[in-house]
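Peer 1: One point on numbering: in numbering that gives the first Met the number 0, the residue at position 164 of the sequence shown is 163, and numbering is uninterrupted.
Yeah, the Cβ is synthetic: ideal placement off N, Cα and C, and Gly gets one too.
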Amino acid sequence: MVPGFIGPIQDRKEEQSAIDFCRVNPTMKFADPASCSLFFDCSKYEHDRDLYKYQAECVYLYLFDIKLKKCVYFLDADCQSRPVPRAPCEYRRGHCRHGRNNDQCIPCAANCVTLHDGDNVYPGRALTSYYLSCASGRTLNIKTCPDGLVFDPLFGPNGTCVSDLTTETLRLFCEAMPGQIIPHPGECAMYYDCSQTAYSGNFKIYEAECKYPNLFDIASSSCKDFFNVSCEKRREPISPCEYKQYQCTDMSCIPCNQVLPDCSGRVNGLYAVPRWELTSSYIYCADFRFMYRYDCPPGQVFDILERRCATSVSKESMTAYCNKYPAGRIGNPLHCAQYYDCTAPMSSRLVECPYPKLFSYEYMECQPFEKVDCGRRIDFKNPCDYQRFYTCSSSDQSQCPPCESLYPSCHLQPAGFIAALPGTTNQYYICKTGRAILMKCRTTFNTELMKCMDPESNINTQPNNNGSNLNPYPFPNQPTSFPNQPTSFPNQQPTFPNQPSRFPNQPSNKPSNQPPTFPPTSGGGNNVNVNKPFQPPYQPITQPQTPTTNTQTGSITGSNTGSNPLTIQFPVLKPVPPTTPTQPPPQPPTVAPTQPPTTINIAKPGEPGFNINAYCSINRYQIFPHPSSCAKYYNCMQPYSAFGSFVMECPYPALFDVLKRTCKPFTEVKCEPGVYTPVAPCEYDKYSVECQNKNCPPCEESNPSCKGKEDGRHMFPGDPLGGKYMECLTERTRKISQCPAETFFDPLMRACSKELKRQTIEIYCRQNPQSTAQHPFNCAQFIKCTANSTLVIECGYPRLFNGTACDDFKKVDCKKRYKPVAPCEYAQNRRCPPGASTCQPCEQRIPSCVGVPNKEQPYPGRPPSPLFVVCDSGRTSAVMQCLKNIFNPTERRCGGSISNANVASICVRHPKSTFPDPENCARYFNCSMKEIILDRPFHAECKYPDLYNTIGNKCERFHETLASGGCGTRYAPIEPCEYHQHCPTFPNCEQCKRRIPNCNVGKLNDPGLNLIPDNTATYPTEWYICLDKRTIAHGSCQPGQFFNSTARDCKPLPTGAARIP
């Protein structure tokens, strides 16, 4: 036996020969011909349990060089004729057997022998986070994608880590494994279903999602109750809107958060539905999830304070609701035609629609009953069921006939039934869905023909029961139209008429892309089946949703960008553990030694004249460190790189390990002396390379540095007092995180916080003097750091802070910060005006346009007056005043006329108010007046010659009103008979004009006492007094006196004269 070469050791005899040789040569090292990875070291008697005495093995990827007599990288080794192992388990110490668990243990499955160079699917672990880096059939590295990512071999030139698998990758996988179920890499509620071969709703081919609130369990490959699933590193959705099936995909979709309730931050229990408070609907929250939706019995609402069903709305609950929605409206659960109006005083907040209209949640106003779905509110149909339908003006209510005796009921009558109204000749009613629609003919109603006998009607026509030729005319006691009411504002209660009334029970593989509508009482018509029993949309699943699985194995063979085929091997669902082979592996055939080929002398790395292109053309599998940076290295298998030919860079903050020839965590790498060690993210070339030919911001803005900072959390530069922060470790930026909603990173506590403390602002200003920062919560406020003080400043209403300055609210994106809208949501308006020690609450001083349409609108919460507001996107742009009249709420302008219906509506809202008549300066409306004095209800008149002053909102002496401009453009009557108080005392106004002197005639307008004109008596007795064309007084002299026109006074009659009236 020749020293230096020992044949394959197959029995104890040859092992003994090696032992005997080493006793004679205790320092000798020589190769083992059985494998290029094996050798004998006579200086070390100790040996691995898988080897013989004195036998040793190079670590994987290294081979024993006969000439150098040491282990070298496989690309540099001279093995001569010895068998060269390539797979990890071709090394005796390379596979993970006998409980071996160390850095040299590489699973046998991590085999690159048949794979192409570069990144490849880990055999048996397809579509997982594991993948292999291969070169020349060897496993260079076992890599793992970051949390929430998996390796996709078809994404990019050589595959990469992705958060969502490409459809092509899934197609190849599912063709080989039909029916297979695959967990989603990043979403705990989602999975891939190979049986779903078509697009469905929000989901692509093969994508599927569990029903809310279930999650996908990897162990059972099925959807289970969320409390039985461990998401580990996958994102766990909690609210319904975090599920993909409820998210919007186009502009026509109603945002999910406006439809589905969110229980985030709520302890277990019952709650009112957000934006649908004080309705019959309520929800049950458990573990911060929306579990069920319930409805109170008909005629009840869910009380927002007591959190239970109630038959009435308490004063406290109504106050709480109106504080949240100052312009809100909510239906009365006991009457579908009534609603509560937050803009009215507490005593008159209950408003009733005119018969037969109903209150609509869709329009937030009274609408024709055909358009309204009452849901669980009680729907009254008889006219007399409306409280304000019938009023009796008699002071003795016992003398008033019952409403039912005057007005009919259509109860049990068929649709289209027509009958005359009792006690009338020209009035009748038509029954429509149980309601008596009151009508009026211009002439008479024919009870035989059942039609109006109007001139254009044909008296010989047959009775018409469909009412098509009838002349509808509103019943006189009812207003002709209901007032225009403001529609609901965005932050109150949206309604969606075209949406389903409850959550659809969707199969997990066919979800809808449209969020379900909520609640069911917001439908668009009576065709909704409101009596159908409600099925809770979400219930814990008692039987797991177990998708079908296929236990066969398969493989995908596709084409990659190179010439080598791409092969993906897929595991069985229940892999069988490998068994230990009972026979030794077959030995390779003996190969006759040959002369080594002639090599070209090329400069190696570090030698003079080194050329990377020339070197890699000969050593195409070499990987070695870059001389300029510890984070860079050369990879001769990657000629094209953004960092230069064959130049690669480790991902931040990893560094290149020279021994392992791969990137490792920086804590495990010791860089060579004199080699630059990058620390900050922007010291890596990756960030500058990515920004080539692009208008990118400075790298440090999005990739902050931790250099000079201690370990732990720190405020994110460029986002002062914002929600972002960074975590530092040994001056490296380990992680950039985001605080939860409605919190910010507090540099004082170095944690996310909901409270901005004074000390926090002072710390920030010490670190950032002379700077300006956005307030973390309020979009209208900002922090100003000065040399002497620290201020929290608020933009002038309604402006918002855009990050650098106060700007138009329409141009500012507040993101997650609170966006104030109403004037009193600004602190500046809640304070009393300068110089006032006390004042009324802000809401009483400054009107709010929240929920009010744009442009000019009546002053909210007040009866008509010269004041009005200009609204823009819910904000009060200005408070204006008409100069010469009141603001007409009907015509939305100064002046004009107010209809009876609008007067009635105003008086319902303000039952004790008075306001001017916009047409006549002597007249006004008094909502507390019960009797009808003038031409219509609530219409009143000042005493002659007084006028109604819009400034003081009361009757005043005419000269004071005219002097102050209180009449404006309203007509100011002058003559006595222009006032209603004088005309009714005479048979007609013409006689009034003949009997009462009129000073509005040039020849009669002499100031002081005057003689009645055209009086030819010798001793007349009648006189009158004029002032500014007005007859302020008239009368007769006392008995025994006459009116002396010369003296302009009453004088005694001459002796013997007879008094003539």
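1) How many Å lie between F154 and T166 at the Cα?
2) Assess, as a yes-or-no matter, whether the region 643-663 is touched by the region 599-607 under the definition of 3 or more beta carbon pairs within less than 8 Å.
3) What residue range does the beta strand (DSSP E) around K314 cover?
4) Spatial neighbours of C1063 within its chain, please: C-beta separation below 6 Å, excluding the five flanking residues on both sides.
5) From C133 to K810, what does the alpha carbon distance come to, in whole angstroms?
6) Quick one: measure Cβ to Cβ for D40 and K28, integer angstroms, because I've assumed they're closer than 8 Å.
7) Do C187 and E241 have their beta-carbon atoms positioned less than 7 Å apart in this structure?
8) Using a Cβ-Cβ cutoff of less than 7 Å, which residues in the same chain neighbour V161 once the five nearest sequence positions on both sides are dropped?
9) For a quick check, are the C-beta atoms of F444 and C430 less than 7 Å apart?
10) What are the partner residues of E793, as DSSP defines its beta bridges?
11) Ordered along the chain, which non-local residues of its own chain (more than five positions away) have a Cβ less than 6 Å from that of R265?
12) Over the uninterrupted beta strand (DSSP E) stretch that includes S872, give me the two end residues.
13) As an exercise, report each continuous beta strand (DSSP E) stretch of at least 3 residues that is fully enclosed by the region 324-352, in chain order.
14) Which residues mark the beginning and the end of the alpha helix (DSSP H) in which L169 is found?
15) Helix, strand or coil: how does DSSP classify I181 here?
16) Determine the burial state of F609: buried for a count of at least 16 other Cβ atoms within 10 Å of its Cβ, exposed for fewer.
17) DSSP beta-bridge partners for H1033?
18) DSSP has A76 in a bridge; who is on the other side?
19) May I have the straight-line CA-CA distance separating H909 from P822, to the nearest angstrom?
20) Answer yes if the region 913-929 comes into contact with the region 951-964, meaning at least three C-beta pairs across the two stretches below 8 Å, and no otherwise.
21) What residue ranges within the region 234-276 form continuous alpha helix (DSSP H) runs of no fewer than 4 residues, ordered along the chain?
22) Can you pull the DSSP bridge partners for H713?
23) Given a cut-off of 7 Å, decide if G330 and R376 are closer than it, judged by their beta-carbon atoms.
24) Whose C-beta lies closer than 6 Å to the C-beta of N381 among residues of the same chain, with five residues either side of it excluded?
25) Using a Cβ-Cβ cutoff of less than 6 Å, which residues in the same chain neighbour N119 once the five nearest sequence positions on both sides are dropped?
26) Going by DSSP, what residues sit across from A750 in a beta bridge?
27) Give the range of the alpha helix (DSSP H) segment to which C160 is assigned.
28) Please report the straight-line C-alpha distance between L420 and E403, rounded to a whole angstrom.
29) Excluding five sequence neighbours on each side, which residues of the same chain lie with their C-beta closer than 7 Å to the C-beta of D146?
30) When you compare only the Cα positions, how much space is there between V678 and P697?
31) Excluding five sequence neighbours on each side, which residues of the same chain lie with their C-beta closer than 8 Å to the C-beta of G422?
32) Could you compute how far the alpha carbon of Q54 sits from the alpha carbon of C35?
33) Taking its Cβ as the centre, do 16 or more other Cβ atoms sit within 10 Å of A414, making it buried, or is it exposed?
34) Assess contact between the region 891-904 and the region 330-344, defined as three or more Cβ pairs (one per stretch) separated by less than 8 Å. Is contact present?
35) Specify whether the region 743-762 and the region 716-725 touch according to this definition: at least 3 beta carbon pairs, one from each stretch, less than 8 Å apart.
36) Taking all protein chains shown into account, decide if I180 is buried (16 or more other Cβ within 10 angstroms of its Cβ) or exposed.
Peer 2: So, from the data block:
1) So the two alpha carbons sit approximately 10 Å from each other.
2) Short answer: they don't touch.
3) It is not in any beta strand (DSSP E) - K314 instead sits in the alpha helix (DSSP H) that spans K314 to K323.
4) Examination of residue 1063 is not possible in this model, given that the chain is present from 0 through 1060 alone.
5) When rounded, the separation of the alpha-carbon atoms in C133 and K810 is 53 Å.
6) About 5 Å; that satisfies the 8 Å criterion.
7) Pairing E241 with C187 gives a Cβ-Cβ distance that is not under 7 Å.
8) Within the same chain, V161 has close Cβ partners L148, V149, D151 and F154.
9) Not closer than 7 Å, so no.
10) According to DSSP, E793 bridges with Q780.
11) Excluding residues within five positions, the ones whose Cβ falls inside 6 Å are C284.
12) Counting along the chain, S872 falls outside any beta strand (DSSP E), and DSSP gives it neither H nor E.
13) Taking only runs of at least 3 residues, the beta strand (DSSP E) segments lying wholly in the region 324-352 are 328-331, 334-340 and 349-351.
14) For L169, the uninterrupted alpha helix (DSSP H) run begins and ends at T166 to A175, by DSSP.
15) Looking at I181 - three-state DSSP - the assignment turns out to be strand.
16) With fewer than 16 other Cβ atoms within 10 Å, it is exposed.
17) When DSSP reads this structure, H1033 sits in a beta bridge with Y1023.
18) According to DSSP, A76 bridges with nothing at all.
19) Their Cα atoms are separated by approximately 23 Å.
20) Contact holds: three or more Cβ-Cβ distances are below 8 Å.
21) The DSSP assignment places no complete run of the alpha helix (DSSP H) inside the region 234-276 (cut-off: 4 residues).
22) In the DSSP output, where bridge partners are listed per residue, H713 has M725.
23) Judged by their CB atoms, R376 and G330 are nearer to each other than the 7 Å cut-off.
24) S408, listed in sequence order.
25) In the same chain as N119, and ignoring 5 residues on each side of it, the C-beta atoms closer than 6 Å to its own belong to L131 and C133, in chain order.
26) Paired residue(s): D745.
27) Where C160 is concerned, there is no enclosing alpha helix (DSSP H), although the beta strand (DSSP E) it sits in stretches over T159 to V161.
28) Between the alpha carbons of L420 and E403 lies a distance of about 12 Å.
29) Cβ contact annotation for D146 (same chain, cutoff 7 Å, sequence separation greater than five): K232, in chain order.
30) Inter-residue distance for V678 and P697 is about 17 Å (C-alpha atoms, whole angstroms).
31) If we look at G422 and ignore the five residues flanking it on each side, its Cβ neighbours are L405.
32) Near 13 Å, if we compare the C-alpha coordinates of C35 and Q54.
33) The residue in question, A414, is exposed, as its Cβ has fewer than 16 Cβ neighbours within 10 Å.
34) Counting Cβ pairs under 8 Å, fewer than three are found: no touch.
35) Verdict: yes, contact present.
36) Buried is the call here.
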